[in-house]
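This report refers to the structure that appears directly beneath it.
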DNA sequence: GATTTAATAAAACGAACGTTCAATTAATTC
DNA sequence: GAATTAATTGAACGTTCGTTTTATTAAATC
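Residue numbers (the working numbering), protein chains in the order written: chain A, 307 to 515; chain B, 307 to 515.
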């Protein structure tokens with residue numbers, strides 16, 4: 307046999323990306339063989355090489371796609387308001403929603419960086435840095451306006467990112483908690499962590515004093 | 307040649323563990339070959355099999371050793387006080403100090419769980435669960451005594467663990483920040499995150515009101 | 001100092017790996 | 001409907017992998 311009935315390049319490439327994301331997330335990049343991936347797609351191993359010249363090209367394509375989707379999602383979710391509290395809330399909510407929605411893809415991008423060539427590693431890290439820079443800007447603005455009580459903007463940004471990305475480590479859709487509930491709780495923790503004074507909290511503080 | 311002058315089983319095993327921890331942390335478990343490890347130790351690949359029957363046995367030994375060391379460190383650092391604030395501070399400080407000190411080992415234990423057999427994975431996860439249970443107990447006690455403002459003990463514990471373990475992702479000894487400085491900042495963020503009312507903060511709140 | 005045991009080297013095993021190549025068939029173009 | 005292009009197969013290549021076996025030498029024992 308050779309070309310199969312109904313075969314289509316576009317569909318096959320998408321199927322490869324999907325299957326690879328799942329397999330790498332589950333077993334790891336090194337542990338996934340090209341033959342295993344081909345079997346998952348329903349194709350022979352050689353067919354993969356029409357779409358991705360090497361295994362590493364495939365990994366890089368997945369990671370770049372993930373980072374581009376993340377940047378796009380944030381552009382879409384970014385609020386027009388200049389209020390740091392509103393912007394921080396939007397950042398956290400978009401981050402959690404995106405990463406839960408794309409759990410496997412996130413796992414790949416976070417765990418397999420060391421399998422990238424130095425140039426490609428740098429490329430992905432730059433995309434990540436640009437995204438994280440947005441959070442630091444929000445924190446800096448909030449601190450300058452006296453809305454946040456922050457010791458170190460860089461440290462706080464890293465702590466927040468680790469915390470909110472960590473959701474995907476334990477969260478499973480259909481758990482006792484809904485995505486919305488988890489997101490709301492993480493938002494409250496975030497606001498306390500940065501020392502934000504919300505209207506509610508101020509009322510509580512005054513009542514207490 | 308065969309047995310070499312000055313060769314010693316105890317020393318060789320320790321050298322294998324050290325070298326393996328470094329190599330797996332850098333390149334990943336699957337990517338590290340037994341020949342590469344042997345070369346790092348300064349020995350032939352076959353010699354490794356006198357100490358660890360299989361590659362997976364070696365990985366499991368490293369992970370179990372890491373978790374045991376973590377449990378020991380916490381037993382050592384655990385305060386006699388029953389005050390949740392003091393206990394939480396001790397937990398966070400010990401956690402950060404331990405993980406920074408054993409960065410490579412931590413990376414191995416956090417990233418390579420999927421290379422373990424199901425039984426061994428369960429074993430390591432149980433050790434981890436026991437350690438994290440201590441944190442949940444502290445948070446629960448603090449919440450019950452009205453010292454912490456926490457929505458969900460389990461969620462908060464996970465968020466805290468992700469946050470304070472994340473230090474090792476970006477922290478490099480000899481950075482612009484000292485371990486003590488980072489630890490102090492993370493402790494403040496922790497206390498705010500759980501809504502702890504410290505003496506200092508209460509004074510500040512009252513002065514503000 | 002002979003004997004036993006511990007530690008290692010050297011070579012080899014079969015299996016699996018990423019990748020390539022030539023052949024073959026489906027879909028498209030003219 | 002013939003010619004061309006796109007998609008895929010099946011088989012093979014050389015390499016590397018984890019692991020085993022056998023032989024050899026250093027250290028420990030008596």
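Even for Gly, the Cβ is constructed at its ideal location relative to N, Cα and C.
Three-way DSSP call (helix, strand, coil) for residue i in this model
{"i": "residue 453(A)", "result": "coil"}
{"i": "residue 320(A)", "result": "helix"}
{"i": "residue 338(B)", "result": "coil"}
{"i": "residue 448(B)", "result": "helix"}
{"i": "residue 378(B)", "result": "helix"}
{"i": "residue 502(B)", "result": "coil"}
{"i": "residue 477(A)", "result": "coil"}
{"i": "residue 358(B)", "result": "coil"}
{"i": "residue 347(B)", "result": "helix"}
{"i": "residue 386(A)", "result": "coil"}
{"i": "residue 332(A)", "result": "helix"}
{"i": "residue 440(B)", "result": "helix"}
{"i": "residue 482(A)", "result": "coil"}
{"i": "residue 472(A)", "result": "coil"}
{"i": "residue 406(B)", "result": "helix"}
{"i": "residue 363(B)", "result": "helix"}
{"i": "residue 399(B)", "result": "helix"}
{"i": "residue 418(A)", "result": "coil"}
{"i": "residue 412(A)", "result": "helix"}
8 Å CB neighbourhood of residue i in its chain, flanking five on each side removed
{"i": "residue 492(B)", "result": "398, 402, 469, 470 and 473"}
{"i": "residue 500(B)", "result": "394, 445, 448, 454, 455, 456, 462 and 466"}
{"i": "residue 391(A)", "result": "448, 453, 497, 502 and 504"}
{"i": "residue 387(A)", "result": "393"}
{"i": "residue 368(B)", "result": "323, 326, 327, 330, 411, 414 and 415"}
{"i": "residue 514(B)", "result": "No answer about residue 514(B) holds up, because its pLDDT of 43 lies below 50 and its placement is not dependable."}
{"i": "residue 437(B)", "result": "373, 376, 377 and 380"}
{"i": "residue 370(A)", "result": "429, 430 and 433"}
{"i": "residue 479(A)", "result": "406 and 485"}
CA nearest to the CA of residue i, picked from the options
{"i": "residue 381(A)", "options": "400(A), 392(A), 451(A) and 371(A)", "result": "400(A)"}
{"i": "residue 376(A)", "options": "359(A), 341(A), 350(A) and 404(A)", "result": "404(A)"}
{"i": "residue 385(B)", "options": "351(B), 475(B) and 440(B)", "result": "440(B)"}
{"i": "residue 349(B)", "options": "429(B), 479(B), 458(B) and 318(B)", "result": "318(B)"}
{"i": "residue 359(A)", "options": "340(A), 346(A) and 370(A)", "result": "340(A)"}
{"i": "residue 356(A)", "options": "426(A), 316(A), 495(A) and 389(A)", "result": "316(A)"}
C-beta neighbour in chain B for residue i, strict 8 Å
{"i": "residue 340(A)", "result": "no"}
{"i": "residue 431(A)", "result": "no"}
{"i": "residue 509(A)", "result": "Annotation note: pLDDT 44 at residue 509(A) (below 50); position unreliable, coordinate value reported separately. No, residue 509(A) lies away from the interface with chain B (no Cβ there is under 8 Å from its Cβ)."}
{"i": "residue 350(A)", "result": "no"}
{"i": "residue 451(A)", "result": "no"}
{"i": "residue 333(A)", "result": "yes"}
{"i": "residue 323(A)", "result": "no"}
{"i": "residue 389(A)", "result": "no"}
{"i": "residue 465(A)", "result": "yes"}
{"i": "residue 441(A)", "result": "no"}
{"i": "residue 381(A)", "result": "no"}
{"i": "residue 398(A)", "result": "no"}
{"i": "residue 458(A)", "result": "yes"}
{"i": "residue 414(A)", "result": "no"}
{"i": "residue 362(A)", "result": "no"}
{"i": "residue 461(A)", "result": "yes"}
{"i": "residue 425(A)", "result": "no"}
Cutoff 6 Å; reference residue i; Cβ partners in own chain excluding five residues on either side
{"i": "residue 411(B)", "result": "327 and 372"}
{"i": "residue 511(A)", "result": "Summary for residue 511(A): the model assigns pLDDT 43, below 50, so the residue's position carries little reliability, and this model does not support an answer."}
{"i": "residue 434(B)", "result": "none"}
{"i": "residue 485(B)", "result": "406"}
{"i": "residue 507(A)", "result": "Caution is warranted here: a pLDDT of 48 is assigned to residue 507(A), below 50, making its placement in the model unreliable, and the coordinate value is therefore given only provisionally. Excluding residues within five positions, none has a Cβ falling inside 6 Å."}
{"i": "residue 409(A)", "result": "474"}
{"i": "residue 459(B)", "result": "442, 445 and 446"}
Minimum Cβ-Cβ distance from residue i to chain A less than 8 Å
{"i": "residue 494(B)", "result": "yes"}
{"i": "residue 488(B)", "result": "yes"}
{"i": "residue 475(B)", "result": "yes"}
{"i": "residue 445(B)", "result": "no"}
Own chain, CB closer than 7 Å to residue i, minus 5 neighbours either side, in chain order
{"i": "residue 477(A)", "result": "406 and 488"}
{"i": "residue 344(B)", "result": "350, 351, 353 and 354"}
{"i": "residue 450(B)", "result": "none"}
{"i": "residue 383(A)", "result": "396 and 400"}
{"i": "residue 427(A)", "result": "419"}
Contact between the stretch 321 to 330 of chain B and the stretch 364 to 378 of chain B is defined here as three or more beta-carbon pairs at a separation below 8 Å; is this criterion met? yes
Can you confirm whether the stretch 327 to 347 of chain B touches the stretch 411 to 430 of chain A when touching is taken to mean that 3 or more C-beta pairs between the two stretches lie within less than 8 Å? yes
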